[in-house]
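Working notes for the structure below.
Next comes the structure, spelled out in structure tokens:
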């Protein structure tokens with residue numbers, strides 16, 4: 344097959360094409376003294392991040408280290424390896440609890456000859472802003488006994504990162520190779536990347552707020568009463584509670600080039616109002632439910648076209664008749680600017696199933712861009728829950744498709 348030799352410099356330059364078989368060495372980067380574009384805005388200089396990668400490469404093939412890496416592939420990360428250095432450098436009873444953290448700390452203190460930054464400062468920078476990510480490692484290489492490539496990344500959208508080949512005995516091939524999504528899907532690879540930590544909010548039940556490891560008590564869980572139907576006539580619901588769900592979704596394609604993760608925001612926006620003693624509408628206000636705050640969808644699941652759970656028991660606890668529509672704002676992480684999206688949401692203040700009022704709201708997603716904004720009319724949505732649209736149905740539910748996102752909606756009435 345034909346592969347391209349790439350140069351790491353201020354830009355990646357294609358030098359030539361050559362024919363090779365599958366057992367030929369991967370393409371190689373030649374470094375010059377110019378500053379690489381991917382070091383811009385980095386916490387750690389690119390050459391020092393390379394030194395950290397080399398140190399990790401000396402022990403990454405230790406079976407105990409690989410087991411630890413695989414253990415970081417959890418449901419929260421969509422079963423993709425993703426772990427902050429802050430956690431790996433954490434201590435219990437005065438000792439580093441992580442094998443990776445312990446070995447790296449020892450290597451930093453003894454062997455980081457190419458590091459200009461002090462050992463402690465470098466460790467602090469890793470703890471403050473970097474993670475080990477490994478798309479495909481747990482999914483495809485958990486039981487594959489092959490050396491792991493160690494790559495590093497400081498930003499940019501080229502879709503190619505520098506990497507170093509390792510060996511079982513801890514020796515390194517100091518040639519810097521090109522790593523992209525195709526390479527990582529065929530060779531076990533980890534990558535050191537900068538990360539802005541975020542506290543992920545969980546949907547609020549009517550009477551409690553679930554947190555990791557502490558789900559809502561039984562009184563916050565709702566069951567579908569017998570006879571709950573699909574394709575609902577909104578005029579027949581009355582004062583019943585209507586809960587809106589988003590059971591499953593999938594991405595049509597990875598949103599950014601290798602090794603960037605697919606991180607999604609989902610804001611669901613509705614409106615509220617009150618009346619004065621004369622029955623006039625006053626105090627209109629928006630209601631914003633942030634369902635996803637940097638929700639990770641693994642590159643593996645995207646490549647495999649896999650449907651995944653939304654992770655939310657519901658996205659709107661009670662869709663009232665007065666809330667003529669809900670607006671979905673879906674963003675994805677990219678760039679360094681916050682995505683601010685202003686929407687107007689229609690309301691039914693007169694109770695006649697028509698939009699006669701509206702309220703404005705602004706959603707904010709950190710370091711993101713908007714994928715799409717769409718409104719769902721209450722009556723139309725309920726009337727087509729199980730109807731087949733252009734994208735067909737999944738598990739009896741209509742598939743909605745906007746931007747790169749496909750998803751289903753469902754309801755519970757009680």
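Numbering (the numbering used here), first residue to last: 344 to 757. Idealized CB from N, CA, C, for every residue including glycine. From a predicted model like this one, the values you see are computed outputs, not experimental measurements.
{"Asked": "Continuous alpha helix (DSSP H) assignments of at least 4 residues falling wholly in the stretch 470-547", "Found": "480-484, 524-529"}
{"Asked": "Separation of residue 648 from residue 749, as counted between CA atoms", "Found": "11 Å"}
{"Asked": "CA nearest to the CA of residue 752, picked from 704, 674, 657, 394", "Found": "657"}
{"Asked": "Given residue 659 as reference, the closest of 592, 638, 613 once Cα atoms are compared", "Found": "613"}
{"Asked": "Own chain residues within Cβ distance below 8 Å of residue 433, not counting five before or after", "Found": "439, 440, 441, 444"}
{"Asked": "Rounded straight-line distance, which links the Cα of residue 607 to that of residue 743", "Found": "17 Å"}
{"Asked": "Selected residue, minimal CA-CA separation from residue 745, among 386, 609, 405", "Found": "609"}
{"Asked": "Backbone secondary structure at residue 467 - three-state DSSP", "Found": "helix"}
{"Asked": "Residue 623 (DSSP reduced to helix, strand or coil)", "Found": "coil"}
{"Asked": "Cutoff 7 Å; reference residue 572; Cβ partners in own chain excluding five residues on either side", "Found": "Confidence is the limiting factor: at residue 572 the pLDDT is only 35, short of 50, which leaves the residue's position unreliable, though a coordinate-based value still follows. So the list is empty, once near-sequence residues are dropped."}
{"Asked": "The stretch 386-393 / the stretch 458-472 touching (three or more Cβ pairs under 8 Å)", "Found": "yes"}
{"Asked": "Distance, residue 525 Cα to residue 358 Cα", "Found": "With a pLDDT of 32 at residue 358, under the threshold of 50, the modelled position of this residue cannot be trusted; read the value that follows with caution. Taking the straight line joining both Cα atoms gives about 20 Å."}
{"Asked": "Residue range of the beta strand (DSSP E) that includes residue 712", "Found": "711-720"}
{"Asked": "Contacts around residue 652, its chain only, beta-carbon distance under 8 Å, and the 5 residues preceding and following it disregarded", "Found": "590, 591"}
{"Asked": "Neighbourhood of residue 570 by C-beta distance below 7 Å, restricted to the same chain and skipping five residues each side", "Found": "Per-residue confidence for residue 570 stands at a pLDDT of 29, beneath the threshold of 50, marking its modelled position as unreliable; no derived number is given."}
{"Asked": "Coil, strand or helix - residue 661 by DSSP", "Found": "coil"}
{"Asked": "Burial state of residue 487, where buried means 16 or more other Cβ atoms lie within 10 Å", "Found": "exposed"}
{"Asked": "Rounded distance between the beta-carbons of residue 497 and residue 537, thought under 8 Å", "Found": "6 Å"}
{"Asked": "Rounded separation between residue 627 and residue 392 - CA only", "Found": "51 Å"}
{"Asked": "Closest Cα partner of residue 594 within the set 587, 575, 638", "Found": "638"}
{"Asked": "For residue 644, the first and last residue of its enclosing alpha helix (DSSP H)", "Found": "642-646"}
{"Asked": "Range of the contiguous beta strand (DSSP E) that encloses residue 702", "Found": "700-708"}
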